[in-house]
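**Q**
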Amino acid sequence: MTRSLRRAIPAVVCAICIAGVGSGRAQADSTPTPAPAMQPLTVHTLPRPSTEPAPTPAPPPHQPTPSASPSTRAFTGALGSVLIAGCDWAPDVPDCADLNVYGNGTDLTNMQCGGPDACTYGPEYQCTELAQRYAAHAWGTPDRWDGYGGDSGNAYQLWDAAAALPTPLQRFPNGGDVAPAPGDVIVFGQTADDAAGHAAVVRSVSDTGVIIVEQNADPSGTETVSRDGATLSWKLPVLGWVRPFPKAAAATAPDSRWFTHLR
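Heads up, the sequence shown stops at 309 in my numbering, and the numbers go up one at a time, no gaps.
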C-alpha cells in the first residue's frame, strides 16, 4: 500500500463517522420536544401605607333611659282589676253590679277603649269614669257630662257641668251650710301639680271624716277626707259636692171621707 493511500483511508473513516454522527443528531433533533406548560403569573404586592386618617369608631347605639320603677310611680291598682265590688259599696243602687271600682295600673293617664271618646262613661279607668257611671245608674244623668257647662273631660269641670245637665244637680260648695252625705259626688279642683282635678263618690260620713270611693288614685279604691262640719280638707282643694234636687212630694189622693161629708 502506498503512503498516499494510507493517508487517505483514515480521512475517509473520519468523514463517515462525522456523517453518521451528524445524521443521528439530525434524526434526534427531528423529534419535537414539548414545551413546558405556561403557569399563570402571580404578582404579590405589599399594601401601601395609607395616607388617609384612621376612621373614627362609631359611637355605641343609643340606649333608652330606663323608666322609673313601679315603686317610684303612682300605683292605682292592677289595670282593670276590681278593687271594690259595686254592690259592696253601693248596695241600694239598681244594677250595683255595674259599679265595680277598677284599678288603673301604674300610669295615671291610662285610657282604655281606644281613647277617651270610645268608652261609655268616660276613659277607663279614670276617676271621672266611675263618677259618671255612678251618677248614670243612681240618678239617671247622661252617661258622660262632656260638653255640658264647658266640660272637656277634666274632673274639676264636673262641678260646672253638674248645673248644666238636662236635669241639673244641686251643688253645695265646700265650707257652705250643707255637709256632704253618702251618695254625693265630690269634685276636687286643680293644683300646680294636678291640672285635671279629681272626682269621687261619698261612701260614708262621720263627724271627722268622709270616706270616698274612687278610681285612678289609691290602690285600695278608697280614702278618707278630713271633715270639720261642712268643710272638707284633702290633698287637693275641694270644690264641693253634688246630688239630685229633692223630688217634689207626690200629690196625695183626697181622703174619701171628705167626700162623705159633702153628701
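Glycine included, every Cβ here is placed at the ideal spot set by N, Cα and C. Bear in mind the structure is a predicted one, so any value in this text is a computation, not a measurement.
(1) Name the two residues that bound the continuous beta strand (DSSP E) containing L282.
(2) Throw me the rounded Cβ distance for the P169 and G235 pair, which I believe falls under 8 angstroms.
(3) Where does A182 land, buried or exposed, given buried means 16+ other C-beta within 10 angstroms?
(4) Residues in its own chain within less than 7 angstroms of M84 by CB, not counting five upstream and five downstream?
(5) Which partner residues of S272 appear in the DSSP bridge assignment?
(6) Identify, in the order they occur along the chain, each residue of the same chain with its Cβ nearer than 7 angstroms to the Cβ of G286, setting aside the five sequence neighbours on each side.
(7) Check for me: the beta strand (DSSP E) holding Q216 runs from which residue to which?
(8) State buried or exposed for D75, treating a residue as buried only when at least 16 other CB atoms are found within 10 Å of its CB.
(9) Flag this pair as touching only if the segment 242-249 and the segment 258-276 have three or more C-beta atom pairs under 8 angstroms; answer yes or no.
(10) Can you name, in chain order, every residue of its own chain whose Cβ lies under 6 angstroms from the Cβ of I130, other than the five neighbours on each side?
(11) Between D264, P292, V224, which lies nearest to L278 when the distance is taken from Cα to Cα?
(12) Only counting runs of 3 or more residues, tell me where the beta strand (DSSP E) segments fall wholly within the segment 182-247, in order along the chain.
(13) Taking L125 as the reference, give the member of A276, T270, D264 with the closest Cα.
(14) May I have the straight-line CA-CA distance separating D134 from T237, to the nearest angstrom?
(15) Reducing DSSP to helix, strand and coil, say where L145 ends up.
(16) Enumerate in chain order the residues of its own chain whose CB-to-CB distance from A276 is below 7 angstroms, with the five nearest sequence positions on each side excluded.
(17) Find the nearest neighbour of P292 within the set Y167, N262, N200, P214, judged by alpha-carbon distance.
(18) Can you name, in chain order, every residue of its own chain whose Cβ lies under 8 angstroms from the Cβ of T91, other than the five neighbours on each side?
(19) Pick out whichever of W185, G123, E269, L176 has its Cα sitting closest to the Cα of V139.
(20) Hey, A245 and V231 are a contact pair by Cβ (cut 8 angstroms); roughly how many whole angstroms apart?
(21) Kindly list the residues whose CB is nearer than 6 angstroms to the CB of Y194, restricted to its own chain and excluding five residues on each side of it in sequence; keep chain order.
(22) If I follow the unbroken alpha helix (DSSP H) through G132, where does it start and stop?
(23) Suppose the cutoff is 7 angstroms on Cβ atoms and the five residues either side in sequence are ignored; what does the same chain contact list for L145 look like?
(24) Among the candidates T155, D153, T270, whose CA atom is the shortest distance from the CA of W280?
**A** For this structure:
(1) It is not in any beta strand (DSSP E) - L282 carries neither H nor E in the DSSP assignment.
(2) Not really, about 20 angstroms apart at Cβ, beyond 8 angstroms.
(3) buried
(4) Note that M84 has pLDDT 48, beneath the 50 cutoff, so the model's placement of it is unreliable and the number below is only indicative. Within the same chain, and ignoring the five residues on either side of M84 in sequence, no residue has its Cβ closer than 7 angstroms to its Cβ.
(5) G255, S279
(6) W205, R217, F218, P219, N220, V233
(7) 215-219
(8) Because D75 sits at a pLDDT of 49, beneath the cut-off of 50, its placement in the model cannot be relied upon, and the following sentence gives the value as read from the coordinates. So D75 counts as exposed.
(9) yes
(10) V147, G267
(11) Minimum Cα distance to L278 is reached at V224.
(12) 215-219, 231-234
(13) D264
(14) 32 angstroms
(15) If DSSP states are grouped into helix, strand and coil, L145 belongs with coil.
(16) Correct list, in chain order: G221, G222, D223, V224, A225.
(17) P214
(18) Because T91 sits at a pLDDT of 42, beneath the cut-off of 50, its placement in the model cannot be relied upon, and the following sentence gives the value as read from the coordinates. Counting only Cβ-Cβ distances below 8 angstroms, and skipping sequence neighbours, we find nothing.
(19) W185
(20) 6 angstroms
(21) A207, A210, L211, listed in sequence order.
(22) Per DSSP, G132 belongs to the alpha helix (DSSP H) from 132-135.
(23) Taken in chain order, the residues that qualify are G132, A136, V139, R179, Y180, H183.
(24) T270
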